[in-house]
Amino acid sequence: MSRFNEYFLMKVNDVIEYVLEKVTALDWDRGSIQAKEIGDGNLNYVFRVWDNTGNSVIVKHAGETLRISKEMTISVDRNRIESEILQLQNKLAPGLVPKLYMYDTVMSASVMEDLSDHELMRYALMKHQVFPRFAEDITTYMVDTLLPTTDIVMEHKEKKALVKSFINPELCEITEDLVLNEPYNDMQGRNLVFPPNADFVKRELYEDKALHQEVAKLRFDFMNNAQALLHGDLHTGSVFVKPDSTRVFDPEFAFYGPIGYDVGNVIANLIFALNNGRAAGNDAFCDWVLETIPQVVDLFKKKFLAAYDEHVTDPMAKTPGFKEHYLNGILADTAGFTGTELHRRIVGMAQVKDITTIEDSEQRAMAEKICILCGKDCILNREAFQKGSDYVDALKRAEEAAQKEA
Ligand code: SR1
Ligand code: MG
């Protein structure tokens, strides 16, 4: 009788036993097999399991409470969602996501390719490493995973079945609260505001009613626009990199939502990296980020338009002018969700190390002001963000305005 027929929260030794029992395709050396918990995210436990003969896998295991807060409980079904979208994305974007070996809805665990030869992109960026192929790879990943899952491409009943299968209410609720509500009102008293910026945050985020109106529109766009099957949490901590490879992982927030949510998350997280580079005075790194941000937008547009012509099946979506209308909507959403990600990572409970590790408090306060002001520009003027250089211009405006505040 297997110990793994009923859910429990596994520790390191349980995971070794689990792998020996479940991952039989590999010829494990029982004498040298070992495991280590290497999780770095806010939600799950991640174990690397390896032996001395060269076998290794990653086991991702969902607990019933979150790593970031034991008071927060969410369904362990997130592991199934993540596993199923990874299977689909391995078909849509092979080579850009980890291979999935198996998943188990009893133990809420999945076993996947060990990418230890890669590095977490956020940490590599914090060391000011550059990744010249990132813009190409991430835009291929986004276009190849997002467009084919829309109902301008996919048979409509098949798409609706996917919407149903990837309904992810508890993880969506985290985003609806932490990203699209609390940064603007601290409704649950769990925001983490850097004290030197308290008055600035109050004025710019908590008291700006015009901003709240636009964020409300974005919040209901997120909740109601079942446009494509999103990654749902596409920040630089969800990407592994090495010079010749980019792999997007951790799609447990996947659901059918607006495409601009994924694209905007990528841009905002590059902006955090830029501000870390600025605080360190690393101009060469900042120049690379300032080239990469517009490349991401412009390559996304180019590849999206080309893929649209090749893959769209819906007859009305082929009507002249509709393609441009559809893309313009995505671009405006992209700017809006760039802005909400910029805000929530500065004042919300889930912050980013790119900013929180800036030691000099004046530099950190400046970096945060730039992100807040740039985010507001992206949200309030989102229809005007149509090309990559619009983000570079917005960053310049935010830097100038933040300097005046200092
Ligand atoms: C309570 S979870 C906090 C954040 O971690 C995840 O990576 C998502 O970004 C979520 O918003
Ligand atoms: Mg994550």
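Be aware that the sequence shown starts at 0, since it is given in numbering that gives the first Met the number 0, and climbs by one per residue.
Ideal Cβ placement from N, Cα and C applies to all residues, glycine included.
Remember, it's a predicted structure, so these values are computed and weren't measured experimentally.
(request) Tell me, to the nearest whole angstrom, how far the beta carbon of glutamate 340 is from that of alanine 267; I am working on the premise that it is less than 8 Å. (result) 4 Å
(message) At the level of alpha carbons, what is the spacing between tyrosine 255 and leucine 119?
(response) Distance between the alpha carbons of tyrosine 255 and leucine 119: 26 Å.
(request) Determine, using beta-carbon pairs with one atom in the segment 382-394 and one in the segment 279-292, whether at least three such pairs fall under 8 Å. (result) yes
(message) Under 7 Å: does the beta carbon of asparagine 41 sit that close to some heavy atom of the ligand SR1?
(response) yes
(message) Please identify the residue among Lys368, Ala24 and Tyr140 whose C-alpha is closest to the C-alpha of asparagine 54.
(response) Ala24
(message) On the DSSP letters alone, give me the boundaries of the beta strand (DSSP E) that aspartate 26 sits inside.
(response) First-last for aspartate 26: undefined, no H or E at that position.
(request) Under 8 Å Cβ to Cβ from phenylalanine 321, same chain only, skipping five residues before and after it: list those, please. (result) Met315
(request) Helix, strand or coil for serine 55, going by three-state DSSP, please let me know. (result) strand
(message) For proline 194 and valine 346, I'd like the C-alpha separation in whole angstroms.
(response) Taking C-alpha positions only, proline 194 is separated from valine 346 by approximately 11 Å.
(message) Can you tell me where the alpha helix (DSSP H) holding valine 214 begins and where it ends?
(response) Under the DSSP assignment, valine 214 falls in the alpha helix (DSSP H) whose first and last residues are 208-223.
(request) List the endpoints of the continuous beta strand (DSSP E) containing methionine 111. (result) Element bounds for methionine 111: 108-111.
(message) Since glycine 38 and valine 48 should fall inside the 8 Å C-beta cutoff, what is the C-beta to C-beta distance between them, to a whole number of angstroms?
(response) With a Cβ gap of about 13 Å, glycine 38 and valine 48 do not count as contacting.
(request) Report whether the distance from the Cβ of serine 74 to the nearest heavy atom of the ligand MG is below 7 Å. (result) Result no, Cβ not under 7 Å from the ligand MG.
(message) Using DSSP's beta-bridge definition, name the partner residues of arginine 246.
(response) Phe239
(request) Could you say if the segment 203-218 and the segment 233-248 meet the contact criterion of at least three C-beta pairs nearer than 8 Å? (result) Contact fails: fewer than three Cβ-Cβ distances are below 8 Å.
(request) Would you mind sorting serine 115 into buried or exposed? The rule is 16 or more other CB atoms within 10 Å of its CB. (result) exposed
(request) Just tell me which of Thr333, Glu361 and Gln402 has its CA closest to the CA of isoleucine 445. (result) Only positions 0 to 405 of the chain appear in the structure, and residue 445 is not among them; the question remains open.
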